[in-house]
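Novice: Under my numbering, the first residue of the sequence shown carries the number 71, and numbering increases by one thereafter. Glycine is no exception: its CB is placed at the ideal position from the N, C-alpha and C atoms. Can you keep this structure in mind? I'll have questions shortly.
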Amino acid sequence: MGRSRTIGAQMRRRALDTADPPRKETDLPLGAVSVAIMTHPSRRHLAEDLARRLAPFPVQIVPDPEPDGPPRTLRTATAVWSAVGPGCTHHLVLQDDAVVPAGFLEHAFRAVEAQPDAGVALHSDWGSRNGAAVRMAALLGAHWVRAVCDYVPTIALALPAPAAKELTDYFAGLDPDEPDDVAVAHFAREFGLPIYLAVPNLAAHHDVPSVVGNDARGRRDASCYIGSPPDGWSFDPTRVLDGFDCLPYFKHGEPRIVVENDRATNNWSPVPLATAVHRFGVDVSDLRAGYRRCTAEPEPWLVDLAARVPEDQLWALWATACLMGLARQRVEPFRSAWERWGRRVEPAMRTRVLETLALGGMFPRLRHDEVSSLGAAPARLAALGLAAGDSWERG
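As structure tokens, this is what we get:
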């Protein structure tokens, strides 16, 4: 346990010691970050396509060392996290099904420079707790949010080089069937490594068959991917959303709230809406009444949406978005962040997080393609919910 408490400081010291030349605080040389892609031979074409997008930067493609063995991510993860370049301060690992925009590495290296002592996750699944955290951060004008770690997103993840090396040793002591993203979360908790999620996401996720049996989970695309970040985007390290202990969450067609059980271990649980909605200054009957008021005289687009989507799903979408609005008006630290960062949200990010709220949350009640076929209407309903939460005290 003593080793666990001190490893974060050790990794910070070693990150500075391994760079050649030493890293300046405001200048992370591109060569100080090594980049590798983990792949399975059946999907090597995806890895090669991704490497071409990153050219001319040298990228290692690391295949599954036992491709005919049981479907496991940990063995390939061990190989790819071992592939830290000589003299590098950081190691960036991409999975072969990552989707990245033009100029991805420039943006990714700037993100790493902004959080040099942490793990930097550049993707968050639109149906996950981390995806919900990124949405809330985007709607507050944050550039970063601490991970809500039941697992660490590993589609596109950068670690300090010493942490990457420690991670491979840590993997060796685990059950080989442990998913790599869960194993990274355990490692981060045990060794005191902070994990931050970039806002917006810099990587999305190809909708291709899973090699480890995850297809039943549906598409696992990003919660806030807009391609390249807006012009001038800085990944400002001071704009970090942290310190919250509850979070609105839409999963499997149900509005929920994720609550923190223990800060030291980053342990969270999703709970039914009625269990924790008092944290937002309302109860479920208040929300129901607000929904009825908001939809009492529906416009044609909402009438059409109601004819195509079960009523409970419309309610769940609206209620989750309403809680997001209530959070930034009534719940700390969201309220202070909303005020501190000037109540300015990038329009493209606002649109995207409201779109993915429905795409990630309604599955499997509605298939992803069914939600996509509804066009902009679900996001419009979510926008109504967000506005209702924002103006609740005046409603």
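What are the uninterrupted segments assigned as beta strand (DSSP E) that are 3 or more residues long and contained completely in the region 209-255, given in chain order?
Specialist: 214-216 and 226-230
Novice: Of the residues L263, F257 and V204, which one's Cα is nearest the Cα of V415?
Specialist: Nearest option by C-alpha distance: V204.
Novice: Which term fits P92, buried or exposed, when burial requires 16 or more other beta carbons within 10 angstroms of its beta carbon?
Specialist: With a pLDDT of 36 at P92, under the threshold of 50, the predicted position of this residue should be treated as unreliable, though the coordinate-derived value follows. It is exposed - the Cβ of P92 has fewer than 16 other Cβ atoms within 10 Å.
Novice: Tell me W338's beta-bridge partners as DSSP assigns them.
Specialist: Bridge partners of W338: E330.
Novice: Classify T96: buried if its beta carbon has 16 or more other beta carbons within 10 angstroms, exposed otherwise.
Specialist: At T96 the pLDDT is 36, less than 50, meaning the model places this residue with poor confidence; the figure from the coordinates comes in the next sentence. Exposed.
Novice: Is DSSP giving T308 helix, strand or coil here?
Specialist: coil
Novice: By the DSSP assignment, the beta strand (DSSP E) with A376 in it spans what residues?
Specialist: That residue, A376, is in no beta strand (DSSP E); its alpha helix (DSSP H) goes P370 to R378.
Novice: Between the region 346-365 and the region 405-414, are three or more C-beta pairs nearer than 8 Å?
Specialist: no
Novice: Nearest to A334 by CA position, among C219, I296 and H115, is which residue?
Specialist: Distances from the alpha-carbon of A334 to those of C219, I296 and H115 put C219 closest.
Novice: Please determine, among P370, D306, A207 and T365, the residue with the shortest C-alpha to C-alpha distance to S293.
Specialist: A207
Novice: In chain order, what residues of the same chain have a beta carbon less than 6 Å from the beta carbon of T146, not counting five sequence neighbours either side?
Specialist: M108 and D134
Novice: Using only the alpha-carbon positions, how far apart do K235 and L229 sit?
Specialist: Each residue's alpha carbon lies about 10 Å from the other.
Novice: Can the beta-carbon of W214 be found less than 8 Å from the beta-carbon of V310?
Specialist: yes
Novice: How should G445 be labelled, buried or exposed, when 16 other C-beta atoms within 10 angstroms of its C-beta is the threshold for buried?
Specialist: exposed
Novice: Can you tell me whether F314 is helix, strand or coil according to DSSP?
Specialist: coil
Novice: Buried or exposed, going by whether 16 or more other CB atoms sit within 10 Å of the CB of L454?
Specialist: buried
Novice: From what residue to what residue does the beta strand (DSSP E) around Y266 run?
Specialist: I265 to A268
Novice: Does the region 425-442 come close enough to the region 237-250 that 3 or more CB-CB pairs lie under 8 Å?
Specialist: no
Novice: How big is the Cα-Cα spacing for G157 and D353?
Specialist: 55 Å
Novice: Smallest Cα separation from V254: which of H276, A191 and E367?
Specialist: A191
Novice: What is the DSSP secondary structure of A172, reduced to helix, strand or coil?
Specialist: coil
Novice: Quick check on V373: buried or exposed, where buried means 16 or more other Cβ atoms within 10 Å of its Cβ?
Specialist: exposed
Novice: Below 8 Å on the Cβ atoms is my contact criterion, and I expect A273 with V105 to pass it. Report the Cβ-Cβ distance as a whole number of Å.
Specialist: With a Cβ gap of about 12 Å, A273 and V105 do not count as contacting.
Novice: Have a look at E463 and R114 and give me their C-alpha separation to the nearest angstrom.
Specialist: Those two C-alpha atoms are separated by around 55 Å.
Novice: For the beta strand (DSSP E) containing S104, list its first residue and its last residue.
Specialist: Counted as a single uninterrupted DSSP element, the beta strand (DSSP E) harbouring S104 occupies residues V103 to T109.
Novice: So if DSSP puts P325 in a beta bridge, which residue, or which two residues, is it bridged to?
Specialist: F320
Novice: Please say whether A202 and V328 have beta carbons closer to each other than 8 Å?
Specialist: yes
Novice: From W408 to G211, what does the alpha carbon distance come to, in whole angstroms?
Specialist: 7 Å
Novice: What first and last residue would you give for the alpha helix (DSSP H) that runs through H161?
Specialist: Unbroken run through H161 is the beta strand (DSSP E), H160 to Q165; no alpha helix (DSSP H).
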